[in-house]
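Residues 8 to 330 in our numbering are what the sequence shown spells out, letter by letter. These notes are about the structure you will find just below.
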Amino acid sequence: MEISIDLGTENLLAAAGGKVLLREPCLLARSLSSRAVLATGEAAAQMLGRVDEDIEVIQPVVAGRLADPEVAALLIKRLLSQVLDWKSRLWPRLFVAMSDTSDSFACQSLFQALRPARCVAVPRALAAARGAGLPVGEPRGQALVDVGAGSTEVSILSMHQVIATRSLQVAGQALDEAVRLHCLHAHELELSLQTAREVKHRLGFAVPERAQGSFSPWGRELVSGLPRQVELNALEISQALQEPLGRIARGIQQALEHVPAGLAADLVDQGLVLTGEGARLKGLCDHLQQTLELPFRIADQPSTCAVLGALQAKSSASLVLAS
Ligand SMILES: Nc1ncnc2c1ncn2[C@@H]1O[C@H](COP(=O)(O)OP(=O)(O)OP(=O)(O)O)[C@@H](O)[C@H]1O
Ligand SMILES: [Mg+2]
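The structure is reproduced here in structure tokens:
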């Protein structure tokens, strides 16, 4: 059996046979004293912020980088065992979408810890490009911008190869933090990061002129320390997002400065394709288009491109990095 995996800062996805098998928060909760695994995925996310000194909730991928390969392997095994018979003698072959900038030592540790399953690393940008339906085998250049939670990765592809990748440490979580800081300064209201994310999803517009709507989240009032609900409008939230969005645009610009001149014209012709769930921020495409004066478009299913494309990418041996 062949299964593809996309390990992200916030989300872990697995797919087989062209279908997404699982999609869970990339989190594992463990007892500090006994080291026993208490929960994984969504159940572990429920434990975030809970006041129990014996529980640690571990995020094995931080800012787009594999920080704890052993925990990542444990999480993959546990989550996969919920959707397939992991203990059967037929160990699946795992195709793991890995960033070109990821640490190969961490990658090897992950694969060791996943034994006896056999693992293959597939360059994530190629996987995402295949999943987005881009003609990556052609000599033309293609540009892909994956906006995740912890990182934004800009990749240039041509002839089945990742010609250049640049990873920026600013993505969805930086937007959540901007929402949180805005609420602290403008309303003296402390939001949890989960609530800040929900506010971003509801009220975040990358182009403030289009912002509409309001939402009243619960947070903690700084002065009294009590739970309070404050009405937020989309305009203030969208304005708060402009600073990190500016950093994303500048990072993309810097990444494109290194593209060989011969490919640069192709990028304008083809347009730059956005993948990653962060691409769902309303108006992001238009914001980037206006700021950088380049054509952008969002892939059809931006959040599943990498996991679905990883199995397509593996069919061409030249796409596989290591086994
Ligand atoms: N509707 C939405 N509007 C804005 N942002 C969204 C929306 N839906 C999801 N997101 C954001 O997308 C991000 C998660 O994207 P994704 O699952 O691609 O990241 P990841 O793969 O876990 O992270 P990374 O690739 O950086 O390691 C989160 O920051 C989340 O808040
Ligand atoms: Mg990702």
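Using N, Cα and C, we set each Cβ at its ideal position, and we do this for glycine too.
Exposure label - E300; buried when at least 16 CB within 10 Å: Exposed is the call here.
Beta carbon of G283: closer than 7 angstroms to some heavy atom of ligand 2? Within 7 angstroms of the C-beta of G283 there is at least one heavy atom belonging to ligand 2.
Which residues DSSP lists as bridging S38, in chain order: Partner(s): I62.
Does the beta-carbon of G15, which I'm using as the reference point, lie nearer than 7 angstroms to any heavy atom of ligand 2? Distances from the CB of G15 to the heavy atoms of ligand 2 include at least one below 7 angstroms.
C-beta contact flag for L28 and V78 at 8 angstroms: Contact flag unset, no.
What is the DSSP secondary structure of P234, reduced to helix, strand or coil? The DSSP-derived three-state label of P234 is strand.
Check Q115 in the structure and name its three-state DSSP category. Of the three classes helix, strand and coil, the one that applies to Q115 here is helix, per DSSP.
DSSP on Q89, reduced to helix/strand/coil? Helix at Q89.
Quick check: what's the CA-CA separation for A286 versus D183? Each residue's alpha carbon lies about 14 angstroms from the other.
Span of the beta strand (DSSP E), counted from its first residue to its last, around R100: Going by DSSP, R100 is part of the beta strand (DSSP E) stretching over 100 to 105.
Across the stretch 103 to 115 and the stretch 124 to 143, are there enough close Cβ pairs to call them in contact, namely three or more that are closer than 8 angstroms? Verdict: yes, contact present.
Where do the ends of the beta strand (DSSP E) carrying Q149 lie? Following the DSSP letters along the chain, one finds Q149 inside the beta strand (DSSP E) bounded by residues 149 to 154.
Rounded distance between the beta-carbons of I83 and L55, thought under 8 angstroms: Contact between L55 and I83 fails: their C-beta atoms lie close to 20 angstroms from each other, not under 8 angstroms.
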